[in-house]
Amino acid sequence: MSLGWVLLLPFVGSAVAAVLPTRARNQESLLAAAVALATALPLAMLFPQVADGGVVSQRIAWIPSLGMDLLIRVDGFAWMFAMLVTVIGALVVVYARYYLSADDPAARFYSLLLAFMGSMLGVVLSGNLVQLVVFWELTSLFSFLLIGYWHHRKEARRGARIAFVVTATGGLALLAGVLLIGQVVGSYELDEVLLAGERIRAHEWYPLAVTLVLLGALTKSAQFPFHFWLPHAMAAPTPVSAYLHSATMVKAGVFLMARLWPVLAGTDTWFWIVGGAGVVTLLLGAYAAMFQNDLKGLLAYSTISHLGLITLLLGLNSTLAAVAAVFHMMNHATFKASLFMAVGIIDHETGTRDMRRLDGLYRYMPGTATLAMVACAAMAGVPLLNGFLSKEMFFAETVFVQGQPWVESALPVAATLYGVFAVVYSLRFGHDVFFGPPPNCPRVPEEPVRWMRAPIELLVLACLTVGILPNWAIGDVLRAAADPVVGGKLPAFSLAIWHGFTAPLAMSLAAMLGGIAVYLAFAQRFKQRGSRRAPLIGALDGKRLFEVVLAQLTQAARRAIRLTSSRHLQTQVLWMLVIAGAAGLGSTLLVPLEWGFRERVPATPEFVVLWSIGAAAAVGAAWQAKFHRLVALMLLSLVGLVLCLTFAWFSAPDLALTQLAVEAVTAVLFLLGLRWMPKRIALDDPRTRWRAQWRRRRDFVLAVLAGAGLAALSYAMLTRSAPQSISPFFLARSLPEGGGTNVVNVMLVDFRAFDTLGEITVLGIVGLTVFALLRRFRPPREVSELPPQQQAARAAPATDLHVAPPDEDGNPHGYLLVPAVLVRLVLPIAIVVAVHLFLRGHNQPGGGFVAGLVVAIAFIVQYMVGGTQWVEERVNLRPPRWIAWGLLLAVATGLGSLGFGYPFLTTHTAHVHLPLVGEVHFPSATLFDLGVLAVVVGSTLLLLTALAHQSLRARRRPARAADREEAA
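Under this note's numbering, the letters of the sequence shown match residues 2 to 969, in that order.
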């Protein structure tokens, strides 16, 4: 399996999981586990190729002319992280199957979890820094959705919002830093950047670039002063916490620091920022963890502390410290994931995570208790467990650090103090919860089902195996993972359990004895505390500071909006035009507006007459818009028709055809909208009437100035020669490379297909948004009365248009008789015309966009004549599904070209021989154009039928009033 498919597989699994039944936990979990394992196995098979410093990569061409390609790169460090992401992800999937209740929407959970897995894989496997930032922000987005999974809970919504704002803001800083690094190196590809360490560190932009990059990394890994978001993220379901806070999201920050360690490390700036943030977070998190009575809160602060340990190691500018940091990333992932899962089991079986109510659980659930205590011992750094080995390496690096004298003295003390705190909070978890009197919890605890505990057993087994046989179990993996981090010059290190009586061993003994002593002295006080805040540092409330800053920024933004803007659309457009006009006039001071020297084409009388009619219609539409809206709409449609004829005049039949269809849809849209607008009333107050007249005169002057300015600018541009015109490029390549002779259509579905994909996505979003807004709109009473024509006709219960019911043969009669017959005949003819325009679009004027408009118009006229209720009783159109299937088809067409090794949305042309038809020219862009057609049909119908449904609501209101009168 290629690396591209490995990276794509979780996203495909996410899409499939999203459409499965929402309560199908078994199918969802099996799918997610299969996707995780199918991703992990091909990656595992790459280890022999990366074990000795090798790199496996795949380049997927995207925009080769701009040097923008998707680059997937796997070295030893990326391989190690990818295995953590996929293997622990598979274990979390199995665990979540039994953790989630039957009422939890499993489809949404597993879909988001797989999407997050794919985003995290994108971060660790990216060979391009800009590509890494894109996946980085995707992890923030999907973590926001996962943390807020139980969105009915206030704390979940708040925790998700805080986490997203902090990490996404850090992502913006990271993007700025990456752009600076790319400018210094001349490339964003990781291979080039890793070779340019000396050049980057010597550049004048280095302090700014390293600060911006570290802002992104420190916010992601919850390092001081950004640590406050992580405890609030504990509102997420425990499987999410086990995944995000052991192997994935919070590890992304330390991954980035280790990834760029050969480039950015080795300077005082790096030492003080990274080392300083690391040592403060190390002590602050461990100290706060001792005082937590919520088990997940304890693990959250301990996670902050362990991430601070890794950050401090990376900040020491030592290759051995970097190796220790990589080792602790692996060890922390195993014991912390198992502890989070153990907490989930305790919460699941007892109904609480409050340590003040949990005692003596060992006698009720001995298996879970044993596993949790072993993991706690690994977290505390007890010998013969994996946490002990990386902790010893950490102690050794603090002892032998070289720097200022006070740093050399303070770091070992800080490390030992951290060890004391770690033993205390580990004992609180391992002893307070599982030993003592019977628990006071909502439910009688018992062991969970076998498969819910199986992931913890595997992770604890890994802790024991690495702790007892480190060289055999993890030695080769650690060397392969650490080699790229230190720049290919791996220092000598030993994973032996016994090194003799050394300073690090003395620090470990002091930490364990000191931790036991502190725990015995304060155990009861810990459990009796009612406050969540730790003493001495309670005032350091990052969440409160965050909310205060956010509230002040929001207030300042509102004040600025009040001073500079208005809620009235007319005022907003006024200022927009004034500012744009001032900018345009100002630019003429720098570059004078002059006419070009192209030969002028003499105007023909027919063209002058045509544009005179259009100008008169435009002025008339503006003049009649206030009190005669229907007349203004007719004149505006005449302006559109003049533009349509102009396009045809200048040999642009595609534009003319599209303009004609757009004018028809727009006219219907205005008609439906005007139906529900209240009447304009002439103003009797002289002062009010004078202000209205002044505003109209002001708007008239502004419109004339804006129109004249744009006309002058257009004339100046059109009279200049275009030596660098792009027309020859497309004319020469349309047929040989795009497979079509209609250059406009080939540009839309091939050369600029990515732009078209973005445009139809926006079109679909607009349609859904308008539909959602209009669902809450209720027509005012003064416009709910039926027009006189309909009031004169007999009412028919089968339609919202008060027309006579059809006769026995189904033929209409009465009001709108002739149009009702004609529109039924028009529908199949319009469909045939749309198919014709669609199929000829690649070589002749037409295409999916105009064909979609023709189909939409054909259905809309059915609504106009037959009524909303009559049409929807006979045809179930479901416009949102048109939008969804259209977007899926367009994206699938692009992915198909990737599957054959070509850039996204590359067109391929085939000549297919069909029976009775003969040879058919079939470019793959036809499928993309079909997606465009579906989105256009769905969005247009959604917009117009949303307005049409107001007639049903308007009719229900008097009907309900009449029912109330009869009941009274």
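Don't be surprised by glycine CBs; every beta carbon is placed ideally from N, CA and C.
Own chain partners of residue i with C-beta closer than 6 Å, once the 5 adjacent residues on each side are dropped
{"i": "Gly160", "result": "Ile148, His233, Ala234 and Ala236"}
{"i": "Val632", "result": "Gln625"}
{"i": "Gly267", "result": "Asn318"}
{"i": "Arg60", "result": "Asp70 and Leu72"}
{"i": "Ala668", "result": "Ser638"}
{"i": "Ala289", "result": "Tyr302 and Ala535"}
{"i": "Val17", "result": "none"}
{"i": "Ala474", "result": "Thr466 and Val467"}
Close beta carbons around residue i, own chain, < 7 Å, minus the five adjacent residues each side
{"i": "Val855", "result": "Ala662, Ala831, Val834, Ala835 and Leu838"}
{"i": "Ser735", "result": "Gly741, Thr742, Val744 and Val747"}
{"i": "Ala248", "result": "Leu85, Val86, Ile89, Ala334 and Ala338"}
{"i": "Leu642", "result": "Glu664"}
{"i": "Trp206", "result": "Leu181 and Val185"}
Alpha-carbon to alpha-carbon, residue j and residue i
{"i": "Ala581", "j": "Leu591", "result": "16 Å"}
{"i": "Thr351", "j": "Leu126", "result": "40 Å"}
{"i": "Trp677", "j": "Gly887", "result": "31 Å"}
{"i": "Gln50", "j": "Ala116", "result": "28 Å"}
{"i": "Gly597", "j": "Val767", "result": "40 Å"}
{"i": "Val819", "j": "Gly868", "result": "15 Å"}
{"i": "Thr320", "j": "Pro446", "result": "48 Å"}
{"i": "Lys252", "j": "His246", "result": "7 Å"}
{"i": "Ile457", "j": "Ser391", "result": "21 Å"}
{"i": "Trp273", "j": "Arg162", "result": "30 Å"}
{"i": "Met250", "j": "Val851", "result": "45 Å"}
{"i": "Arg559", "j": "Leu570", "result": "17 Å"}
{"i": "Leu8", "j": "Leu122", "result": "7 Å"}
{"i": "Gly172", "j": "Leu637", "result": "47 Å"}
{"i": "Thr417", "j": "Phe396", "result": "8 Å"}
{"i": "Val579", "j": "Thr572", "result": "11 Å"}
{"i": "Ala797", "j": "Trp871", "result": "Confidence at Ala797 is low in this model, with a pLDDT of 47, below 50, so the placement of that residue is unreliable and no value is reported for it."}
{"i": "Gly361", "j": "Pro439", "result": "5 Å"}
{"i": "Ala604", "j": "Val610", "result": "10 Å"}
{"i": "Arg344", "j": "Leu296", "result": "Correcting the residue type first, residue 344 is Val in the shown sequence and not Arg. Using only the alpha carbons, I get a separation of about 7 Å."}
Status (buried if at least 16 other CB within 10 Å, exposed otherwise) for residue i
{"i": "Tyr971", "result": "Within the shown structure, residues of the chain are numbered from 2 to 969, placing residue 971 beyond reach of any answer."}
{"i": "Ala712", "result": "exposed"}
{"i": "Ser613", "result": "exposed"}
{"i": "Pro813", "result": "Low local confidence applies: a pLDDT of 48 at Pro813 is under 50, so the model's placement there is unreliable, with the coordinate-based value given in what follows. Result: buried."}
{"i": "Glu607", "result": "exposed"}
{"i": "Ala963", "result": "Low per-residue confidence applies at Ala963: pLDDT is 49, beneath 50, and the placement is therefore not dependable, though the value from the model is reported in the following sentence. Exposed."}
{"i": "Phe336", "result": "buried"}
{"i": "Ser495", "result": "exposed"}
{"i": "Asn129", "result": "buried"}
{"i": "Pro240", "result": "buried"}
{"i": "Gly516", "result": "buried"}
{"i": "His152", "result": "exposed"}
{"i": "Asn332", "result": "buried"}
{"i": "Ser144", "result": "buried"}
{"i": "Ile562", "result": "exposed"}
{"i": "Ala34", "result": "buried"}
Residue i: CB within 7 Å of a non-hydrogen atom of the ligand ADP
{"i": "Arg451", "result": "Looking at this structure, you won't find the ligand ADP or any other ligand, since it has none at all."}
Anticipated Cβ contact below 8 Å, residue i with residue j, distance rounded
{"i": "Phe389", "j": "Gly468", "result": "6 Å"}
{"i": "Asp756", "j": "Gly842", "result": "Asp756 to Gly842, Cβ: 17 Å. No contact."}
{"i": "Leu906", "j": "Gly932", "result": "Going by Cβ atoms, the distance from Leu906 to Gly932 rounds to 11 Å, so no, they are not a contact pair."}
{"i": "Leu706", "j": "Leu575", "result": "That belief does not hold up - the Cβ atoms of Leu706 and Leu575 are roughly 12 Å apart, past 8 Å."}
{"i": "Val824", "j": "Val862", "result": "5 Å"}
{"i": "Ala278", "j": "Phe225", "result": "6 Å"}
{"i": "Arg454", "j": "Met291", "result": "Contact flag wrong, Cβ pair sits at about 28 Å."}
Bridge partners - residue i, DSSP secondary structure assignment
{"i": "Leu981", "result": "With the chain covering only 2 through 969, there is no way to say anything about residue 981."}
{"i": "Glu920", "result": "His914"}
{"i": "Asp1", "result": "Only positions 2 to 969 of the chain appear in this structure, which leaves residue 1 out of reach."}
{"i": "Asn129", "result": "Glu190"}
Cut-off 8 Å between Cβ atoms - residues of its own chain near residue i, not counting five sequence neighbours on either side
{"i": "Val450", "result": "Tyr99"}
{"i": "Ser1014", "result": "Summary: the structure shown does not reach residue 1014, with the chain confined to residues 2 through 969, and so no result is reported for it."}
{"i": "Tyr864", "result": "Val872, Leu945, Thr946 and Ala949"}
CB contact below 8 Å: residue i versus chain C
{"i": "Gly516", "result": "Here chain C cannot be found, since the structure has a single protein chain."}
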